[in-house]
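Following: one structure in structure tokens, then a few remarks.
Laid out in structure tokens, this is it:
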């Protein structure tokens, strides 16, 4: 492999229902994209098949794979995944064995953070906190241009920052995690709870969904953008919690840029405005510090593919 | 300056009432130490005088200064200090102008963290969270062998992690900061409040102190070590809060080692045991992750001098 | 009916699985007791049958029925019951139609409070707060010798005092209710959560129960009395929450006596000691007020029958 | 004294800076009113002097005195007052000794609650919770037409309901009392904190007051009524906390009517709207219960005089 030629990378994003992959240039553009359903078993083979289709005859610099869960410090093994029955799964090694390119595995939020840092919302800074608000809440930290992985590869799980002692039970076994107050799942739960309590303001949402149980996160963000008061209200509450949590994190991480992405960030300013107001109100020693620039992420759900591809490429170059 | 010779460093710790400095070997031993009172003005000159006395005729590799407050990314300017009337004070440049050695300024808790990482409790790991429990609560983060300073130099202010929404008012202007529940100041306040409320268990402390107002943190830790129930109780409460706060931080930072130092850590296991119990109980997804090793720091109040000296030395070597 | 003759009363306690009834003297002694399973429908007939069997040929002064839920101000209609599918059920009228005695319906915790007030733990005072800690948490308030029923009959639902804003979700639809932190259900949940998290201290409980899912409240209180650390721990935590909640209530209700009953109170001082410590620590303006006497209830699960019988009798005497 | 003649009563309201008294008809109208400054000592004589002036030659049925603090069950002795150096002060007996009429002493918020119950916002109900939001927060409870005084005369101190565990320090020695989040003092503190934090929205308030320290509660409510965003914001926050606290109390007290009075209630719907929204949102088992009617109090600061006068009158009639 010659250093004189810059190669494309391939980024893969393994979700609970589908695997998305893209061929990505060295400046972060997706050239081609493919998607397959997530199989019940044989995920490494499915990933290898997607990669093979995508690259065709073209040489690629490396493959990066983003997956939810704790990824080991070896950047190959998934120690634990919340949605897939993996325990210490040698995903990277398995995929590499099926291909002739280097493979790097990264936590999916970290991969997305890296994509935003390299080519998107964090491009102008070396110190970024990336917050992704989807079904759950994830995060990624870039410090002085490096991804912050922690001692065991499980850093930046900001959805499990405790914001309420003795608070709502979280799937992680703890009480009061941020994810229980500000994720897409929390939005939907709040909207449903208000509908079930007979709040008349829930009528538009229930009418749109057909039933209380059928309310989804995108319905909430869509209606909010059309001005629906209850939808705006639950988004506003989520935004407040996020802003307060991010303010608390800023004392620890002191980022220069904070980028908010994920599916719920499709709500735009309806989410970002309350985040910003709460963030500024709750920042420790606000008058005496430089304040991070808070902004929306640039790439939506493609950040993961872009970031994973770049991590795959870089690893190769560094290793070459 | 020749790279063929390893030079000693000088570490300086500027406190509210005194400035301590030490001549430190490249393997972290303090050879000589000097202390002067902190002057009302002219701190740079006082530091230079201490450094001059300490080094005598010996060449030193560099000077590191630890100071409470926000230290700029230039590692020379103190943007804000809580105890000294500094705003954007060019401390490092001022000291360097009076001496002929390189000078690096660092937040005091960061400097102590670095000392523990290089030669003490974190020596066996590259990923450490250092927690210092003194009058207030500070912290330092080492990630993959580098000090985590944040985008603006103000990272690791873990005393201002919010642990209670709507909680106790903190000096930083926010409510519910960890520092209000678990610092030396919090210990003393809790002990005094119980004495003022007429709790008979407070008698030994009040007798020792002479009056409620005269109770101090070291009195609480001393009596606790002698078995005094109220003193153990307030230490235990502080430890619980610390353990819960550290568990929350572990989701974000995923350290491999957590070292607890500062004056209150003189209480040893009376503080560390409740920290550990709460930490383990409140760790997110505990069953699915590798758990950081929690331990007492090694150097007590000298960690700051040792760490600052090393930072001063290293900067020079790197810069040379 | 002649006022010159004091008649016995019959007290009925309708539970989710069984209906217990007793023939009770005017000084609160149970002469005979009968129990039937709670039928899926026809509860009024089941109650009438029990009453008929119990009184035999003997004239009784009245029947009192205790039932979980909101009992209307008419003291006959159950507006809502948590365990039985009742909505505005005319229970008292239905039972009276099948018998020739006056019938009074009362919330079950209120009935138990009345029993304790008249003949048990509150006998020496006219102002009592009764706290019952069973599967859930209920309460009863006696003020100046009268039962405090509230404007709509739904007072004293102290299990739904909010103790944690944004706290654990309660079956009532709200977050942070006391019942989620200190009831028998909370005890069991805490013990199971610790067992599931792999806490080795949970071994004795799991061994006794056979499996994590099989752990019950009585197992926790039994093991606690045998000295099991984890069982004592979860009881202690429940007691702390109860004490803090009761301290908060004392500012509102200023009772002279606080009696703690219900199944979990079988743990005795293992529950009462932490309640008392937390109660005293958290009492507003403690140094300036008279402090309620906190004690265990006297009658265990029979308080409801004794109290209901007395309410049935009194109503008759008053009405005659 | 003849029962055939209905006599007026005299109501006295002892505040920290002035004593207000009024001659009040049996249907709650104030005929004449007088005010004197509160003397440093000799308050009983000052009260007697005011009463003597007010009644002139006219016979009165009794005197009622409202005072802040804990009033004993004898309704004569003030056990503790927050603003006056009283400890077990026999106020009622002292005043009665200087006059030839019966004297009753009552907690000031209880007296105001009674006034509202008899002639004002609670006239149509026998079960009322009265909430007074002034510098602090007080309350009064009427149950089935009787004032709820508690076992020791200190009931209805609803400002000391704990709403945040580990929350803001209260003057009563506890943490997290409602009074710290929703009183006039809390409003002012919040406005000042935002001004000190450099919030530009605080400019109108600071301009009106002249300085941050000069901001007062009435300035906040006045500006709020003129549309000032920050003033509306802090009122809204106070209202939310009040509504959540009242919802929690409703589970305990189940009132039919809730009346909100006191100086801050001059803000009208700007306070009542957020109270109502939060109250309804946070009510336990809302769908299954009858919900109290929430409304503004009728009499403003005169409620205390009107209620005290009536209590003085009634006591006499009952005692005659």
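Protein chains in written order, with my numbering: chain A, 413 to 732; chain V, 413 to 732; chain B, 413 to 732; chain R, 413 to 732.
Glycine residues also receive a C-beta, built at the ideal position from the N, C-alpha and C atoms.
- Return the CA-CA distance between residue 667 of chain A and residue 499 of chain V, expressed in angstroms with no decimal places. 21 Å
- Assuming residue 724 of chain R contacts residue 474 of chain R (C-beta within less than 8 Å), just tell me the rounded distance between them. Contact between residue 724 of chain R and residue 474 of chain R holds: CB atoms are separated by about 3 Å, below the 8 Å threshold.
- Task: Give the single residue among R/428, R/469, R/560 whose Cα lies nearest to the Cα of residue 497 of chain R.
- Result: That would be R/428, whose Cα lies nearest to the Cα of residue 497 of chain R.
- Closest Cβ-Cβ distance between residue 732 of chain A and chain B: below 8 Å? With a pLDDT of 35 at residue 732 of chain A, under the threshold of 50, the modelled position of this residue cannot be trusted; read the value that follows with caution. Cβ-Cβ to chain B under 8 Å: no for residue 732 of chain A.
- Message: Quick test of your reading: residue 456 of chain V and residue 510 of chain V, contact by CB under 8 Å. State the CB separation rounded to the nearest angstrom.
- Response: Yes, they are in contact, since the Cβ atoms of residue 456 of chain V and residue 510 of chain V sit about 7 Å apart, within 8 Å.
- Message: Checking the sheet assignment: what are the DSSP bridge partners for residue 449 of chain A?
- Response: A/430
- Item | Status (buried if at least 16 other CB within 10 Å, exposed otherwise) for residue 730 of chain R | Unreliable positioning characterises residue 730 of chain R in this predicted model, as indicated by a pLDDT of 46, which lies under 50. The coordinate reading is nonetheless provided below. When all chains shown are included, residue 730 of chain R counts as exposed.
- Message: According to DSSP, simplified to helix, strand and coil, what is residue 510 of chain B?
- Response: Looking at residue 510 of chain B - three-state DSSP - the assignment turns out to be helix.
- Task: Kindly identify the DSSP beta-bridge partner or partners of residue 463 of chain V.
- Result: DSSP output for residue 463 of chain V lists no bridge partner at all.
- Which chain A residues are close to residue 715 of chain V, counting only those with a beta carbon under 9 Å from its beta carbon? Those within 9 Å of residue 715 of chain V in chain A number zero; the least Cβ separation is about 20 Å.
- Item | Host beta strand (DSSP E) of residue 500 of chain V (start-end) | Note, residue 500 of chain V: beta strand (DSSP E), 499-501.
- Output, in chain order, the set of chain V residues within a Cβ distance shorter than 7 Å of residue 588 of chain B. The contacting residues do not exist; residue 588 of chain B stays about 12 Å from chain V at best.
- Item | Extent of the continuous beta strand (DSSP E) to which residue 476 of chain V belongs | 472-479
- Query: What number of angstroms, rounded off, separates the C-alpha of residue 465 of chain R from the C-alpha of residue 526 of chain R?
  - Reply: Residue 526 of chain R has its alpha-carbon roughly 25 Å from the corresponding atom of residue 465 of chain R.
- For residue 777 of chain B, I'd like the list of residues in its chain whose CB is within less than 7 Å of its CB, leaving aside the five on either flank, ordered along the chain. The structure shown does not extend to residue 777 of chain B, since chain B is modelled only from 413 to 732, so the question has no answer here.
- Are there 16 or more other CB atoms within 10 angstroms of the CB of residue 440 of chain R, so buried, or fewer, so exposed? buried
- Message: Let me see if you follow: with CB-CB separation under 8 Å, is residue 593 of chain R close to chain E or not?
- Response: Protein chains in the displayed structure are A, V, B and R, and chain E is not among them.
- Task: Identify the contact partners of residue 648 of chain B in chain R, using a Cβ-Cβ distance below 9 Å as the criterion.
- Result: Here the premise fails: no neighbours, minimum Cβ distance about 16 Å.
- Query: Using a beta-carbon distance below 8 Å, is residue 699 of chain R in contact with chain A?
  - Reply: yes
- Query: Relative to the C-alpha of residue 477 of chain A, which residue among A/422, A/644, A/701, A/494 is closest?
  - Reply: A/422
- Message: By the 7 Å beta-carbon criterion, what residues does the region 610-629 of chain B contribute toward chain V?
- Response: 610
- Message: Less than 8 Å between CB atoms is the rule here; does residue 598 of chain R satisfy it with respect to chain B?
- Response: no
- For residue 653 of chain B and residue 479 of chain V, the rounded distance between their alpha carbons: 42 Å
- Message: So with CB distances below 7 Å, who are the chain B contacts of residue 571 of chain A?
- Response: Under the 7 Å cutoff, chain B gives no residues; its nearest Cβ is about 16 Å from residue 571 of chain A.
- Query: Who are the Cβ neighbours of residue 643 of chain B in its own chain at under 6 Å, not counting the five residues just before and after it?
  - Reply: Within the same chain, and ignoring the five residues on either side of residue 643 of chain B in sequence, the residues whose Cβ sits closer than 6 Å to its Cβ are 632, 635, 636.
- Can you round the beta-carbon distance between residue 662 of chain B and residue 695 of chain B to whole angstroms, since I take them to be within the 8 Å contact cut? 6 Å
- Item | Near-chain B residues of the region 560-585 of chain A (beta-carbon distance less than 7 Å), N- to C-terminal order | 576, 578, 579, 580, 581, 585
- Let me know the secondary structure DSSP gives residue 531 of chain V once reduced to three states. Three-state DSSP puts residue 531 of chain V in a helix.
- Task: Following the continuous beta strand (DSSP E) through residue 570 of chain A, name the residue where it begins and the one where it ends.
- Result: Residue 570 of chain A -> no beta strand (DSSP E), and no H or E assigned at all.
- Going along the region 677-711 of chain A in order, which residues come within less than 8 Å of chain V, judged by CB to CB distance? 694, 695, 696, 697, 698, 699, 700, 701, 702, 704
- Message: Once DSSP output is grouped into helix, strand and coil, what is the label at residue 633 of chain B?
- Response: Three-state DSSP puts residue 633 of chain B in a helix.
- Among residues of its own chain, excluding the 5 on either side of residue 561 of chain B, which ones have a beta-carbon nearer than 6 Å to its beta-carbon? Apart from the 5 residues on each side of it in sequence, residue 561 of chain B sits with its Cβ closer than 6 Å to the Cβ of 567 in its chain, given in chain order.
- Message: My parser needs the beta strand (DSSP E) runs of 3 or more residues fully inside the region 622-690 of chain V; what are they?
- Response: Taking only runs of at least 3 residues, the beta strand (DSSP E) segments lying wholly in the region 622-690 of chain V are 669-673.
- Task: Quick one: list the residues of chain V neighbouring residue 605 of chain R, beta-carbon separation under 8 Å, in chain order.
- Result: 585
- Report buried or exposed for residue 681 of chain B, applying the criterion of at least 16 other Cβ atoms within 10 angstroms of its Cβ. Its Cβ having fewer than 16 others within 10 Å, residue 681 of chain B is exposed.
- Query: Does the Cβ-Cβ distance between residue 697 of chain V and residue 584 of chain A come in under 8 Å?
  - Reply: yes
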